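Peer 1: Here it is: the structure, laid out below.
There are 2 protein chains.
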Amino acid sequence: MGTTKTRLFTEEANAIANFARAIAHPARITIINRLLQTETCVCGDFVEDLGLAQSTVSQHLLALKKAGIIQGTVQGPSTCYCLNPEKWNELKNSLGNFIHQEVALKSMCC
Amino acid sequence: MGTTKTRLFTEEANAIANFARAIAHPARITIINRLLQTETCVCGDFVEDLGLAQSTVSQHLLALKKAGIIQGTVQGPSTCYCLNPEKWNELKNSLGNFIHQEVALKSMCC
DNA sequence: TTAATTCATCGTAATATTACGATGAATTAC
DNA sequence: GTAATTCATCGTAATATTACGATGAATTAA
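For the protein sequence lines, the chains are A and B, in the order given.
So the first sequence is numbered by the numbering used here: it starts at 2 and just counts up by one.
So the second sequence is numbered by the numbering used here: it starts at 2 and just counts up by one.
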């Protein structure tokens, strides 16, 4: 128990949920916002931005990396992060198609 | 520890993350998809759909209710669920504005 | 070489999530 | 009234998430 029963659901539902989970933390939202807007993107910048411990920030970066949304390359003593534009587009499509559904019913039943 | 430090982040980032968390499970994605498309929406229907225990389904419905995305009214022996169209629009705007940001940079730095 | 910086990773603790069975309240059907 | 149904809630267990400090590897600066 404690683990999602992935096999019960469609691939699409799992994909949407996985993307949602990847961004389901305000620190990770902030990180992505910054990567969308600025060039500077070494880990230390995020630590300053966020006010969280360096190890915690590293953990959030790892979560985004595991989801494929960002990638990091070692650059001297620091590590530079940036978005993976392809995955970002996948996320946009996956979540976008889901949330842009309109309510199909004339009336709510309750 | 173990709890998100909400105060460190903007209201907007927290709002986006909260909506993302609300839909960060394939069962809840499936529930919302059904509520967007069909009239029948009593708890038992979801239990059949999902293949999860009734108590687990109730828990997922509660999570969506706490986020304000759905509402339920007792209807005889069963409970009828439907979307809250206003919250659904809020979610659409909140997540939509976030994910529809385009990458602002000419080149990725890594 | 030595010292300082940067960051990933480990260990740990607190809390949250996911899931199930059992129970009981409320309603309907008999 | 009695039995069956529907479902919310409780208790419990397994796992995941969030967060921190400590450590150490890698690189740069001295």
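From the three backbone atoms N, C-alpha and C, an ideal C-beta is built for every residue, glycine too.
No experiment lies behind these values; they were computed from the predicted model shown.
What's the call for residue 27 of chain A, buried or exposed, on a 16-neighbour Cβ count within 10 Å?
Peer 2: Start at 1 with the first residue of the first sequence, and residue 27 of chain A comes out as number 26. Answer is buried; the Cβ neighbour count reaches 16.
Peer 1: Please report the residue range of the beta strand (DSSP E) in which residue 52 of chain A lies.
Peer 2: Working through the first sequence from its first residue, we reach residue 52 of chain A at position 51. First-last for residue 52 of chain A: undefined, no H or E at that position.
Peer 1: Note down the Cα distance separating residue 23 of chain B from residue 89 of chain A, rounded to an integer number of angstroms.
Peer 2: Residue numbering aside, residue 23 of chain B sits at position 22 when the second sequence is read from its first letter. Residue numbering aside, residue 89 of chain A sits at position 88 when the first sequence is read from its first letter. Distance between the alpha carbons of residue 23 of chain B and residue 89 of chain A is about 20 Å.
Peer 1: Measuring only the C-alpha atoms, how far is residue 113 of chain A from residue 58 of chain A?
Peer 2: The requested residue 113 of chain A is not part of the displayed model; chain A covers only 2 to 111.
Peer 1: The beta strand (DSSP E) spanning residue 80 of chain A covers which residue range?
Peer 2: By one-based count along the first sequence, residue 80 of chain A stands at place 79. Residues 79-84.
Peer 1: So with Cβ pairs under 8 Å, would you call residue 78 of chain B a contact of chain A?
Peer 2: As a first step, residue 78 of chain B must be located in the second sequence, where it is residue number 77. Chain A contact via Cβ: absent.
Peer 1: Of all the options A:33, A:7, A:104, A:86, which has the alpha carbon lying nearest to the alpha carbon of residue 64 of chain A?
Peer 2: Sequence index remark: in the first sequence, residue 64 of chain A carries index 63 (1-based). Considering only alpha carbons, the answer is A:33.
Peer 1: When the distance is taken between beta carbons, is residue 85 of chain A closer than 8 Å to residue 76 of chain A?
Peer 2: The residue given as residue 76 of chain A occupies position 75 in the first sequence. The residue given as residue 85 of chain A occupies position 84 in the first sequence. For residue 76 of chain A and residue 85 of chain A, no; Cβs fall outside 8 Å.
Peer 1: Between the segment 8-16 of chain B and the segment 36-46 of chain B, do at least 3 Cβ pairs fall closer than 8 Å?
Peer 2: Short answer: they don't touch.
Peer 1: Within 10 Å of its beta-carbon, does residue 31 of chain B have 16 or more other beta-carbons around it, so buried, or fewer, so exposed?
Peer 2: Along the second sequence, one-based indexing puts residue 31 of chain B at 30. Buried, by the Cβ-count rule.
Peer 1: Listing by chain order, which chain A residues have their CB less than 7 Å from the CB of residue 52 of chain B?
Peer 2: Residue 52 of chain B sits at position 51 when you count from the first residue of the second sequence. Per Cβ cutoff of 7 Å: 9.
Peer 1: Could you tell me how far apart the beta carbons of residue 14 of chain B and residue 37 of chain A are, in whole angstroms, since I believe they sit closer than 8 Å?
Peer 2: Stepping through the second sequence from its first residue, residue 14 of chain B is reached at position 13. Stepping through the first sequence from its first residue, residue 37 of chain A is reached at position 36. The pair is not a contact, with the Cβ atoms about 13 Å apart (cut-off 8 Å).
Peer 1: So the candidates are A:92, A:95, A:83; which of them puts its Cα closest to the Cα of residue 35 of chain A?
Peer 2: Taking the first sequence and counting its residues from 1, one reaches residue 35 of chain A at position 34. Looking at the Cα atoms, A:83 is the closest of the given residues.
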